[in-house]
Amino acid sequence: MRQRAFGGVQVSQPVEITSTTVQRGDIIQVGGRACRVSNLFQLPQGFKQLLFESGELLTMHTRTRLVAVRMQRRR
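With the working numbering applied, the sequence shown covers 1104 to 1178.
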């Protein structure tokens, strides 16, 4: 089930993400705060470093699995 949010954006159900499936715009809850991924950096051995809009960095191991909310824009 999808819910509408402000500005023509639809919120989808939470999805499980890994270092290979994470995308810009994903919202991940870290330490009780919702953080939006603003940029991704590929690191050696399949690791990814996520840059959040708040300026914080998170490095994902290849086996890391997180739950995120993926925002989808209406066309």
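Ideal Cβ placement from N, Cα and C applies to all residues, glycine included.
What is the DSSP secondary structure of Gln1132, reduced to helix, strand or coil? strand
Would you report the Cα separation of Gly1135 and Pro1147, rounded to the nearest angstrom? 29 angstroms
Who are the Cβ neighbours of Leu1161 in its own chain at under 6 angstroms, not counting the five residues just before and after it? Leu1153
Whole angstroms is fine: what's the gap from Val1125's alpha carbon to Ala1137's? 15 angstroms
Select from Thr1165, Glu1119 and Phe1144 the residue whose C-alpha is nearest the C-alpha of Gln1132. Glu1119
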